[in-house]
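Note that the protein sequences, when read in sequence, are chains A and B.
When the first sequence is numbered by this note's numbering, its final residue is 184 and no position is left out of the sequence of numbers.
When the second sequence is numbered by this note's numbering, its final residue is 1325 and no position is left out of the sequence of numbers.
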Amino acid sequence: MGTTASQLGKDLLSEYQVSAQNAHKRFTELLTKDEKDLPNTRVSMERVLTLPELKSNPFRKRICYVFSTSEQKDGSLTFEDFLDLLSAFSDSATLEIKSHYAFRIFDFDDDGTLDCGDLEKLVNCLTGETDETRLTTEEMRQLINNILEESDIDKDGTVNLSEFQHVISRSPDFVSSFKIVL
Amino acid sequence: MPRDSLITSENDIDIGLEFAGDEDEVSSFQEEHERERHRAKRRDGDREKKKRRKGRRRRASRAGEREDELQARHEKREAGRRKRAKNYQESEGRERDEEEQAQIKTGKTAKTKKNIKNEKTRKVEQEEGEAEERNAKGKKKHGSAKKEEKDEDGGKCAAKEKTQEVKKKKHKRVVETSSEQETSEEDVNEEEDSEEKELRPESLSPEELEKLKEAVDERKKLIQGLRGKPWSMKKKLVTLRESQEFVEKYEGALGKGKGRKLYAYKVMMAKKWMKFQRDFENFKTACIPWEMKIKEIESHFGSSVASYFIFLRWMYGINMILFGLTFGLVMVPEALMGRPYGSIPRKTVPRAEEASAMDFAVLWDFGGYAQYSVLFYGYYNNQRAIGWLKFRMPLSYFLVGVGTVAYSYMVVIRTMARNANESGVGDDNSFNFSWKTFTSWDYLIGNPETADNKFASITTSFKEAILEEQESRKDDNIHLTRFLRVLANFLVLCCLAGSGYLIYFVVRRSQKFALDGLDTHTWWERNEVNMVMSLLGMFCPMLFDVISALENYHPRVALQWQLGRIFALFLGNLYTFIIALMDEINLKREEEKIVKFNITTWEASLYNSTVSENSTGPPITIQPADVPRGPCWETMVGQEFVRLIISDTMTTYITLLIGDFLRAVLVRFLNYCWCWDLEAGFPSYSEFDVSGNVLGLIFNQGMIWMGAFYAPCLPALNVLRLHVSMYLQCWAVMCCNVPQERVFKASGSNNFYMAMLLVILFLSTLPAIYTIVTIPPSFDCGPFSGKKRMFDVIQETLESDFPAWFSKVFSSASNPGLVLPFILLMVLAIYYLQSTSKSYKEANVELKKKLQTQNEENKKKNKRAALKAQMDLEEARKAASQTAEQQKNNNASLQDQEADEEENHSSSQRLYHGKNRRNPPAPVREQGLPATRAPVPRNYHHGNHGAPGYLPGFPRQSEPRMHRVPSLQRH
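1) Less than 8 Å between the C-beta atoms of F176 of chain A and I107 of chain A, yes or no?
2) Leaving out five residues before and five after N1169 of chain B in sequence, what residues of the same chain have Cβ atoms less than 6 Å from its Cβ?
3) Go ahead and pull the three-state DSSP assignment for S173 of chain A.
4) Starting from E152 of chain A, find everything on chain B with Cβ-Cβ shorter than 8 Å and list it in chain order.
5) Candidates B:A851, B:K1142, B:Y1026: which alpha carbon is nearest L890 of chain B's?
6) Report back the beta-carbon spacing between S788 of chain B and V169 of chain A to the nearest angstrom; my notes put them in contact at under 8 Å.
7) Looking at S58 of chain A: is its Cβ nearer than 8 Å to the Cβ of N801 of chain B?
8) Under 8 Å between C-beta atoms, does E905 of chain B make it to chain A?
9) Have a look at S173 of chain A and N735 of chain B and give me their C-alpha separation to the nearest angstrom.
10) Nearest-angstrom Cα distance between P895 of chain B and Y1064 of chain B?
11) Please list the partners that I812 of chain B has in chain A, where partner means a Cβ-to-Cβ separation under 7 Å.
12) Does DSSP put G1297 of chain B in a helix, a strand or coil?
13) Would L917 of chain B and G1056 of chain B qualify as a contact pair, given that the criterion is a beta-carbon distance under 8 Å?
14) Using a Cβ-Cβ cutoff of less than 8 Å, which residues in the same chain neighbour Q865 of chain B once the five nearest sequence positions on both sides are dropped?
15) With a cut-off of 8 Å on the beta carbons, I'd call L87 of chain A and F110 of chain A a contact; round off their distance for me.
16) Count the other C-beta atoms from every protein chain shown that fall within 10 angstroms of the C-beta of R411 of chain B, then say buried if there are 16 or more, exposed otherwise.
17) Would I167 of chain A pass as an interface residue toward chain B - the criterion being a Cβ-Cβ separation below 8 Å?
18) For M685 of chain B, collect the residues of the same chain with a Cβ closer than 7 Å to its Cβ; drop the 5 residues on either side in sequence, then sort them by chain order.
19) Less than 6 Å between C-beta atoms, sequence neighbours within five positions excluded: which residues of the same chain meet that for F29 of chain A?
20) Using a Cβ-based criterion (distance less than 7 Å to any ligand heavy atom), does Y855 of chain B qualify as near the ligand HEM?
21) With which residues is V1092 of chain B paired in a DSSP beta bridge?
22) Is P694 of chain B close to chain A? Criterion is C-beta to C-beta, closer than 8 Å.
23) Flag A513 of chain B as yes if its beta-carbon sits less than 8 Å from any beta-carbon of chain A, otherwise no.
24) According to DSSP, is N736 of chain B helix, strand or coil?
25) Would E1280 of chain B pass as an interface residue toward chain A - the criterion being a Cβ-Cβ separation below 8 Å?
26) Excluding sequence positions up to five away, which residues of its chain have a Cβ less than 6 Å from the Cβ of I1000 of chain B?
27) Give the single residue among B:F634, B:S597, B:F785 whose Cα lies nearest to the Cα of S153 of chain A.
28) How far does the alpha helix (DSSP H) with E48 of chain A in it extend, from its first residue to its last?
29) What does a CB cutoff of less than 6 Å around N1072 of chain B pick up in its chain, not counting 5 residues either side in sequence?
30) What number of angstroms, rounded off, separates the C-alpha of N24 of chain A from the C-alpha of L184 of chain A?
31) What first and last residue would you give for the alpha helix (DSSP H) that runs through C849 of chain B?
32) Kindly confirm or deny that the region 1024 to 1043 of chain B and the region 944 to 962 of chain B touch, where touching means at least three C-beta pairs closer than 8 Å.
33) May I have the straight-line CA-CA distance separating G1171 of chain B from L1187 of chain B, to the nearest angstrom?
34) Can you give the Cα-Cα distance for E1200 of chain B and E1210 of chain B, rounded to whole angstroms?
35) Mind checking which residues open and close the alpha helix (DSSP H) that includes S902 of chain B?
36) If G71 of chain A and D117 of chain A are in contact, beta carbons under 8 Å, what's the gap, nearest whole angstrom?
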């Protein structure tokens, strides 16, 4: 029981910038009985997404994929991954960290740039699943054109990490809203 | 596999987590100690050489640990140093020694550069360099073959170690795959390589020391900045451990002799200090009150609602300090050291009020015993110094009054400046769409309902932005809209004027009631003013909301209008209240004159009667309660403000309970037996009104600032109020509010609130300062009684408590001839700062433009370069078949370099030239492809330096050549 935390040790936990006790409690709640006895288990993405903090987030799956170290790319998280997630979303994480992870979350096809497809998916995530909130194709095209016009500095048709960070760093409220609190 | 990773991370901690602290420090200290010991042993002389070697062997047998290597290197270093010392003894001459040193250095630097690129060559070269070094020395000091041998031994050993190290590093590189890290790692490795060699001989030149120091600093920086790196924790730990090892290893080498111990001590202290700071930081975050509550709210309602609570908490902090000031410097000293209650008339309840002084209704109204206590201005005595501490009460009272205001100004302005910094130059609109897409989601939202609202609001904001961008929006009936807007503003103005008049009317009426005496009126008539003000504050905003529906503004604009109107309403109310109060003050002062006259006649009559009755008898003592006294307008003002605050608080709480809680309960439970859906339909649940609440808070604070001078208890009351409302509102929000439909972000409005607070602060200090400066204080109550003006207390203190010269200086400093230029200077400074900030802004825009054009240019350039590179590649391919052979030759020649230097060198040179000849013409190389270098005249090739190992095609830096000049001259 609770072997993960004890193995990690106090010092490591202090490295993580979240209240690790709480995180550990929440994490073990996601595990089933027999999994708890195993020292280092992965929790499948479906069960991670049952956390109320993530349940209503439109990027929940992307967040899991980004922070997962699983080789099967199934978005499952170990406790360490989970802590990484929380520390990236914590108060004390810097703008650089946050914008880096935000970029990876928004980069739906994992190719290192935000192209039109990524942006479209991103906008669709933001406007929700229902039809009445969706943008029309014309609006979508207009919107993506505008975004690229603003932030694609080198005009290669995609937004890369440095451009993204440049845009984000000027935003007044990114740091305060890119947070998840358990 | 996960298990393994876990274990490694565990080890990491054991070995070198920096913040683990003590362990590290101990180990580094031990190392340090060991080093010292070794050095001491060395000094014992030749006799110990064998022993040491034995020791080394023993240590070497301890399965290859890194410490082992380190020690070995240290030993080597010692050896080198000793040798050099002997050189001195043999008196070979200072100059030569220096030369030798320089040579060693050049050899090393040269090697350093090479070795990043080609590990194998590097090893060979090291050995070769070693040999060269030895040769150089050997030439000079032909003595002691034994030593030579030993040196060689050491050299080999070092070389071996280096290969080990190299392997290790390779391994590391394999492990770390991330691109950014690789670059940084490589940098560091490079530096490490150079360090390793530089450390071998003990005599480090200051230059090298500098380098070493730089490297160590680099590592330290890496450790410190590790938190800011977007890597996974495991990677962070690995990097941390490596750099820590490095720092530990070489930190000690930086100091020399005696300085070394001090340095180690300093390093240790720095570590301890950092750990302490870290703990303190954690402690500080743990100490922030209500953090969890606010976080919970934040996760349910988004950041805008939370911003209200953060604002509330901030306000609470400020009020705590104001409370501390007034309580500690005014109320407590007066209560403890001042004259006790009942000793003088101003500290006694008058005879007429004595009967009802303890009634709850009177106390609730802050009359009776509450009025004649430290809570109000009138109670304070004008005694200059009280108690055994000689506490200057009037002065303290005055300074605290001024200090509260000054402190508030400072805090508000500082916070505003910080907020402005945080938001940066955020007001530019250049990333409107990108921000909407990239940063509009509030990740704190954990409630499906809020999320739905957020989806809707994001969609609308997108659509609006697109529409605005298209600018194809046509007002179908611009005249109607204009008419409606004018109408709406007219209606609002009517409302404002009406409410202003209502308050004025009520205040005048209450004055009449007050003249009649309070007992003859009902509760409503007594509390009319406050109730009317609170009710107006409650209903007018709703009215405005209805009116603003006419205007058809964009929601954000509408919100600003709404806020502006409520602000105007509150301000109007407040100022009507103040004007009415001023009227009342004037009335009281009239009354005071009459009372003053009456008192003199009363005293005279008393005196006359006593004299006439019994001229020799003792003067009769009059109970202080019986002495007639003036109306004391200051206490009256204080009372008014306290009542206002109390009623305001009560209305807030009651609205909260009725408007939110009761409504929620009714909607929730009546829904079962109602004919329409209450939850979704008309009454529904209430939303949390951020702007209204913030405005309420701000105005409340304004009243505190205004009234605090006349009622020192006000900050205390406010602290209590804020404390209660924190809990009450947190509870109410969580249990009976629904998330807002228009979920908007908080950060944009933060400074808006602050600006309003600043305006209110200014407006509320105006009347307070006006009364202090212009109206003479009452003659028989308060700390300033008997003075012409309240600020006379300063002059009095200057005259009696400070030496004469001080007051002279003060008075001369305050003459207009000095003050006016000073003000002028300040104005000029402000003007200067403003114009510089403007020019900075312009420069910013310029730079942005430049950046953009440069980016485009770079892009073009890159394309051109890429094309050229392609062509180049083709040519190179052709050349490749021819080169391959010769390359082999080159390698072979490198390997037997030691055997035949001269030849090898010439061959490599030949090779170099040959390749150069075959290469495509110059322009390609100039295009920033550093794969080939310009031909360098190799006129120094006959020297015994470590240079020949250069692979053709690596750029050679000028530094080694510079060092080589003396060696050339020597030959």
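Virtual Cβ for every residue (Gly too), placed ideally from N, Cα, C.
Answer, in terms of the structure:
1) no
2) Apart from the 5 residues on each side of it in sequence, N1169 of chain B has no Cβ closer than 6 Å to any other Cβ in its chain.
3) coil
4) S784, F785, N786, F787, S788
5) B:A851
6) 5 Å
7) yes
8) no
9) 56 Å
10) 31 Å
11) L128, T129
12) Residue confidence for G1297 of chain B is low, a pLDDT of 39 falling below 50, so the modelled location carries little weight; the figure read from the coordinates is stated next. Coil at G1297 of chain B, not helix or strand.
13) no
14) Answer for Q865 of chain B: A934, D937, E938, L941, listed in chain order.
15) Contact doesn't hold; Cβ gap of about 18 Å is too wide.
16) Low per-residue confidence applies at R411 of chain B: pLDDT is 48, beneath 50, and the placement is therefore not dependable enough to give any value.
17) The identity of residue 167 of chain A in the sequence shown is Gln, whereas the question assumes Ile. No, Q167 of chain A lies away from the interface with chain B (no Cβ there is under 8 Å from its Cβ).
18) Shown here for M685 of chain B: same chain residues with a beta carbon closer than 7 Å to its own, the five before and five after excluded, namely V728, P1066 in chain order.
19) Taken in chain order, the residues that qualify are F81, F84.
20) Ligands displayed in this structure: none; no statement on the ligand HEM is therefore possible.
21) In DSSP, V1092 of chain B forms a bridge with B:E1041.
22) Against chain A, the CB of P694 of chain B has no partner CB under 8 Å away; the residue lies outside that interface.
23) Summary for A513 of chain B: the model assigns pLDDT 45, below 50, so the residue's position carries little reliability; its value from the coordinates is reported in the next sentence. For A513 of chain B, the answer is no, since every Cβ of chain A falls outside 8 Å of its Cβ.
24) coil
25) The pLDDT assigned to E1280 of chain B is 41, lower than 50, so where the model puts this residue is not dependable; a value taken from the coordinates is nonetheless given after this. Closer than 8 Å: no.
26) Residues of the same chain with their beta carbon placed closer than 6 Å to that of I1000 of chain B are lacking, with the five preceding and five following residues left out of the count.
27) Shortest Cα-Cα distance from S153 of chain A to any of B:F634, B:S597, B:F785 involves B:F785.
28) Where E48 of chain A is concerned, the enclosing alpha helix (DSSP H) stretches over 47 to 50.
29) N673, I1058
30) 8 Å
31) 832 to 870
32) no
33) 25 Å
34) 16 Å
35) Residues 882 to 905.
36) Per the sequence shown, the amino acid found at residue 71 of chain A is Thr instead of Gly. Actually they do not touch by this definition, with Cβ atoms about 26 Å apart.
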